[in-house]
Every structure is written in C-alpha cells, then in structure tokens.
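In the numbering used here, the protein residues as written are 2 to 222. Glycine included, each C-beta is placed from N, C-alpha and C at the ideal position. What you are looking at is a predicted structure, and each value in this text was computed from that prediction instead of being measured.
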Amino acid sequence: MEADEALDIQRELVNHLRFSPLGQMPRLIAGVDSSFFTVDGNEYILTVIVVLSFPDLEYVEKKYLTNRVNFPYIPGLLTFREGPSFVKTWKRLHSEPEVVFFDGQGTAHPRGLGLASHMGLFLERPTIGVAKSRLYGTPDDIPKKLGEWFPLRNPDKEIIGSVICTKKDTKPLYISPGHLITLEDTMRLVMSCLNGYKIPEPTRQAHILTQRIKREKQTEQ
DNA sequence: GCGACAG
DNA sequence: ATCTTGTCGC
Numbered sequence: 002m003e004a005d006e007a008l009d010i011q012r013e014l015v016n017h018l019r020f021s022p023l024g025q026m027p028r029l030i031a032g033v034d035s036s037f038f039t040v041d042g043n044e045y046i047l048t049v050i051v052v053l054s055f056p057d058l059e060y061v062e063k064k065y066l067t068n069r070v071n072f073p074y075i076p077g078l079l080t081f082r083e084g085p086s087f088v089k090t091w092k093r094l095h096s097e098p099e100v101v102f103f104d105g106q107g108t109a110h111p112r113g114l115g116l117a118s119h120m121g122l123f124l125e126r127p128t129i130g131v132a133k134s135r136l137y138g139t140p141d142d143i144p145k146k147l148g149e150w151f152p153l154r155n156p157d158k159e160i161i162g163s164v165i166c167t168k169k170d171t172k173p174l175y176i177s178p179g180h181l182i183t184l185e186d187t188m189r190l191v192m193s194c195l196n197g198y199k200i201p202e203p204t205r206q207a208h209i210l211t212q213r214i215k216r217e218k219q220t221e222q
C-alpha cells in the first residue's frame, strides 16, 4: 500500500459516510486501542477491543490480537497502520456492540475520513472518534469548565467536530462522529461514558489493557 | 519553501 | 505510539 493510493481511497470512501441520529440508545459499546513494540527489528501492533454495557459501563467482553505492521505512522493515514489489525480483532468478538469508540479522529480529518469514519464504513454501524489532540480544524475557543465545548471547524467554517472539556484542569478532547451518528449524539454518548476520568470508559479500559497485556507479554518471555 | 501533523 | 522518574498540584 502506497501513501498516494491511500489518499485516493479516502477521497472515494468519504462520499459514502452518512450522519443520522441514533435511533435508540445502545446496550453495548466497544472501545478500541492499540500499542506498538519491536522484536528483532520487526514492528508489531497489539490491538484491544473492550465491550461494556451501556449505560452501566459494566465489563462484558474483551479480545486482543498481535499483528505485524509495515505501514508507517503518517498524519492523516492512521487507518492504514491500525485499521487492518482492528478488523482482524473485531472478527473474534462474540458480542455485537451497537457503537464503537476509536482512539483518533472521525470526520475531523483533512479528507473527512479519520480512523473512526473509515472503520465505521467497514462495520456499517455507528462509530465515534475520540482524540487526545488535534489533527485538523480550528476550534472556536478552548473549553475550560467540565462539560463546556466549542465547535471544531474546517477552513470553510463548517462544523466537523467539537472540542470538549471532559475533566477539570486537563486539556480538552477532540471528538467527531465517525459514521451513522450525529455530532450531537456523539457528544451525548461521550459525556455519558465518563467515569470520573478524562477519557470515556470504553476507550480508557482498552488503553489500560493494551499497556498491561504488552507488559505481561514481555515479562514472561 | 515553511509550518502543522490523530497514534 | 514510545523512550522514562520523579514531581508539582488538584
């Protein structure tokens, strides 16, 4: 996979995105995260998917997989580095989450197709992008108080996501709809999944496991 | 050409 | 993301 053909894929797939209101509240939500490590000069990715009940946020299921990665990290092309591993891991899930949270952007992307959006097209179900930093767009302002938020806009001033304060005295989160969900519903779900921490619980649990599994993996061998 | 740049 | 210990502050 070359970078230039990856760009063409994004420019084509963005036309398939749909942003519709969530019909009903989900019963299961999945959180995805990945970590990386190198062995004998080869780079590997460890992807973890955690499924929680909603709105209780109780643990339901988890699956993880280690795969080799060849595509480098290139801002705007994260999908081609982490996407393949996610797809393989997803196929091992027994439960069927109605919504999936990704660590990265949804529509708040140079070509409107961040990791969450691209994976949403694959899954054909609602996805959300939860990023810890900005990739694209300009926020109207920076939120400071818990729950406060501002629109994130593209150069044409169109709203592509939002910057929201999910915890006091911490940098805000950059969230955007991935696919089959509106920005409004995206923000509602993110706020409903907060558990006293800055990162929504599905993504937070996945991140904790991604680090722990990798650490145990190195400790044993 | 210069700066920006998810994880 | 990852390399890495302690430390300032709510």
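For residue i, which three-state DSSP category applies?
| i | result |
| --- | --- |
| T1 | The shown model of the chain, from 2 to 222, leaves out residue 1, and the question about it has no answer. |
| T90 | helix |
| A207 | helix |
| R69 | strand |
| E275 | Residue 275 is absent from the structure shown; the chain starts at 2 and stops at 222. |
| N43 | strand |
| L58 | coil |
| I10 | helix |
| L78 | coil |
| A31 | strand |
| T108 | coil |
| L53 | strand |
Judging by CA-CA distance, which residue of the options is the nearest neighbour of residue i?
| i | options | result |
| --- | --- | --- |
| R19 | V131, A207 and F123 | F123 |
| V61 | P201, L29, L184 and R205 | L29 |
| L8 | Q219, G115, P144 and G197 | G115 |
| I160 | P178, L66 and T167 | P178 |
| Q212 | E13, S36 and M26 | S36 |
| G121 | W91, G148 and W150 | W91 |
| G113 | R12, E6, Q219 and K218 | R12 |
| E44 | N68, S21, P22 and D141 | N68 |
| A117 | P85, P140 and D141 | P85 |
Note down the Cα distance separating residue i from residue j, rounded to an integer number of angstroms.
| i | j | result |
| --- | --- | --- |
| E83 | P111 | 18 Å |
| I10 | F87 | 18 Å |
| L53 | E59 | 5 Å |
| Q206 | V131 | 14 Å |
| L79 | E125 | 19 Å |
| D186 | V40 | 41 Å |
| G197 | R216 | 26 Å |
| R154 | A109 | 8 Å |
| H95 | D157 | 42 Å |
| L66 | F38 | 13 Å |
| I129 | S193 | 13 Å |
| P203 | F72 | 26 Å |
| R93 | K63 | 10 Å |
| E97 | G42 | 36 Å |
| P201 | I214 | 20 Å |
Taking 9 Å as the cut-off, decide whether the C-beta atoms of residue i and residue j are in contact.
| i | j | result |
| --- | --- | --- |
| I224 | P173 | Outside the displayed range of the chain (2 to 222) lies residue 224, so it cannot be described from this structure. |
| V70 | I46 | yes |
| G24 | I50 | no |
| Q106 | Y137 | yes |
| H208 | D104 | yes |
| P27 | F55 | yes |
| L195 | T171 | no |
| G162 | I143 | no |
| F225 | M2 | In this structure the chain extends from 2 to 222, so residue 225 is not present and cannot be described. |
| K169 | K133 | no |
| L210 | D34 | yes |
| P127 | E149 | no |
At which residue ranges does the segment 119-199 contain complete beta strand (DSSP E) runs of 3 or more residues, listed in the order of the chain?
128-132, 150-154, 160-165 and 174-180
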